[in-house]
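Visitor: The UniProt record's numbering puts the first residue of the sequence shown at 1, with every later residue one more than the last.
Glycine is no exception: its CB is placed at the ideal position from the N, C-alpha and C atoms.
Given the structure is predicted, the values throughout are model-derived calculations rather than measurements.
Mind having a look at this structure? Questions to follow.
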Amino acid sequence: MRICHSRKVKTGPLTYGRPPSFPDPRPPANASAHIARPMPLSFRIAGVDVSLGGAPHAAQVSALSTSSRAASIGPYPSVGQAATASPPGYRINTLSRVIGTGTHAWRKAAKALETADALETPWVRFWRQGHALRWAKGDVVVVVARVLPFVWTSNVNKVVAVQRRRRSLSVAWGTTSRHVLRGEEVVSVSKKENGDVVFDLRSFLRPHAFMAWLSYPLVMYLQAAFARDVCRQLAEAANDSS
Numbered sequence: 001m002r003i004c005h006s007r008k009v010k011t012g013p014l015t016y017g018r019p020p021s022f023p024d025p026r027p028p029a030n031a032s033a034h035i036a037r038p039m040p041l042s043f044r045i046a047g048v049d050v051s052l053g054g055a056p057h058a059a060q061v062s063a064l065s066t067s068s069r070a071a072s073i074g075p076y077p078s079v080g081q082a083a084t085a086s087p088p089g090y091r092i093n094t095l096s097r098v099i100g101t102g103t104h105a106w107r108k109a110a111k112a113l114e115t116a117d118a119l120e121t122p123w124v125r126f127w128r129q130g131h132a133l134r135w136a137k138g139d140v141v142v143v144v145a146r147v148l149p150f151v152w153t154s155n156v157n158k159v160v161a162v163q164r165r166r167r168s169l170s171v172a173w174g175t176t177s178r179h180v181l182r183g184e185e186v187v188s189v190s191k192k193e194n195g196d197v198v199f200d201l202r203s204f205l206r207p208h209a210f211m212a213w214l215s216y217p218l219v220m221y222l223q224a225a226f227a228r229d230v231c232r233q234l235a236e237a238a239n240d241s242s
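Pasting the structure below:
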């Protein structure tokens, strides 16, 4: 099994923080000469929620999350079985790497996954229902991603499974009707008998929205890039000596 090396990820001017640090257009109370950041142009086209000119503001993402609480999972086969299922017609993506060694590394990696810190990359942000600090089955998760310069998409998932064990933690989320894809993804970290801390990601996905079919190579590239970035983030967390 290959080792996923940690590295610092530099953030640029087009990135933004996770809730409640999503861009907020309101000026600070003590700023007399503040120019509020303009609200990006947001719209839904061909089944895709798009923001142009900037990342969506907290209010926009919160509204999408709230309006999607009644959204149903899928439809897709094998709900809650992303770790093992291989439905016909779905692309299977897998990545497994050693990210550290020992109890300290395992605890650090598990915490980074539980809090979603490891899922925050320079181009992807997770908005968890109620800014939750722990995963809970049924919670809405809005994934906001920069797919092109000045172009962001927002996709709604729901947590379908959470497993917490003495030496492993896994969380799986499935797509809803407000997602460009159909399918499911599971991310886990575990400590093996030999002390190795292992990251695993597995998903089965296929395009759903018309735009996803048109941009299928880009969609698959972004899925692979997300897996690699999360692996690096977890490796960095696992090897943090603090």
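In this structure, how does DSSP classify residue 207 when only helix, strand and coil are distinguished?
Guide: As a working note, residue 207 is residue 207 in the sequence shown. Three-state result, residue 207: strand.
Visitor: Is it the case that the segment 90–97 contacts the segment 109–125, given that we only count it when at least three CB pairs across the two stretches are under 8 Å?
Guide: Output reads no: the segment 90–97 does not touch the segment 109–125.
Visitor: Is the beta carbon of residue 239 less than 8 Å from the beta carbon of residue 105?
Guide: As a first step, residue 239 must be located in the sequence shown, where it is residue number 239. As a first step, residue 105 must be located in the sequence shown, where it is residue number 105. For residue 239 and residue 105, yes; Cβs fall inside 8 Å.
Visitor: Helix, strand or coil, according to DSSP, for residue 25 in the structure here?
Guide: Here residue 25 refers to the residue found at position 25 when the sequence shown is read from its first residue. Any answer about residue 25 is weak, because its pLDDT of 46 lies below 50 and its placement is not dependable; what the coordinates show is given next. Here residue 25 sits in coil by DSSP.
Visitor: Check this for me: beta carbons of residue 226 and residue 82, under 8 Å apart or not?
Guide: Here residue 226 corresponds to residue number 226 of the sequence shown, with the count starting at 1. Here residue 82 corresponds to residue number 82 of the sequence shown, with the count starting at 1. Result no, Cβ atoms of residue 226 and residue 82 do not sit closer than 8 Å.
Visitor: Write down the C-beta distance between residue 140 and residue 129 rounded to the nearest angstrom, noting that I regard them as a contact closer than 8 Å.
Guide: To locate residue 140, count along the sequence shown from 1; it is residue 140. To locate residue 129, count along the sequence shown from 1; it is residue 129. Yes, residue 140 and residue 129 are in contact; Cβ-Cβ is about 4 Å, under 8 Å.
Visitor: Leaving aside the five residues before and after residue 73 along the sequence, list all residues of the same chain whose C-beta is less than 7 Å from its C-beta, in chain order.
Guide: Sequence index remark: in the sequence shown, residue 73 carries index 73 (1-based). For residue 73, where only same-chain residues beyond five positions count, the Cβ hits under 7 Å are 79, 158, 160, 174, 176.
Visitor: For residue 101 and residue 196, I'd like the C-alpha separation in whole angstroms.
Guide: Walking along the sequence shown from the start, residue 101 turns up at place 101. Walking along the sequence shown from the start, residue 196 turns up at place 196. Near 4 Å, if we compare the C-alpha coordinates of residue 196 and residue 101.
Visitor: Cα-Cα, which of 198, 167, 206 is closest to residue 182?
Guide: As a first step, residue 182 must be located in the sequence shown, where it is residue number 182. Selected option, being the one with the closest Cα: 206.
Visitor: Could you pull the start and end residues of the beta strand (DSSP E) that residue 184 belongs to?
Guide: The sequence position of residue 184 within the sequence shown is 184, counting from 1. Note, residue 184: beta strand (DSSP E), 181–191.
Visitor: With C-beta atoms as the reference, is residue 42 less than 8 Å away from residue 127?
Guide: As a first step, residue 42 must be located in the sequence shown, where it is residue number 42. As a first step, residue 127 must be located in the sequence shown, where it is residue number 127. No, these two residues do not count as a Cβ contact at 8 Å.
Visitor: Are the CB atoms of residue 186 and residue 169 nearer to each other than 8 Å?
Guide: Taking the sequence shown and counting its residues from 1, the one referred to as residue 186 is at position 186. Taking the sequence shown and counting its residues from 1, the one referred to as residue 169 is at position 169. Cβ distance not < 8 Å, so residue 186 and residue 169 don't count as in contact.
Visitor: If the criterion is Cβ atoms closer than 8 Å, does the pair residue 47 and residue 220 meet it?
Guide: Looking up residue 47 in the sequence shown gives position 47. Looking up residue 220 in the sequence shown gives position 220. Not a contact, by the Cβ cut-off of 8 Å.
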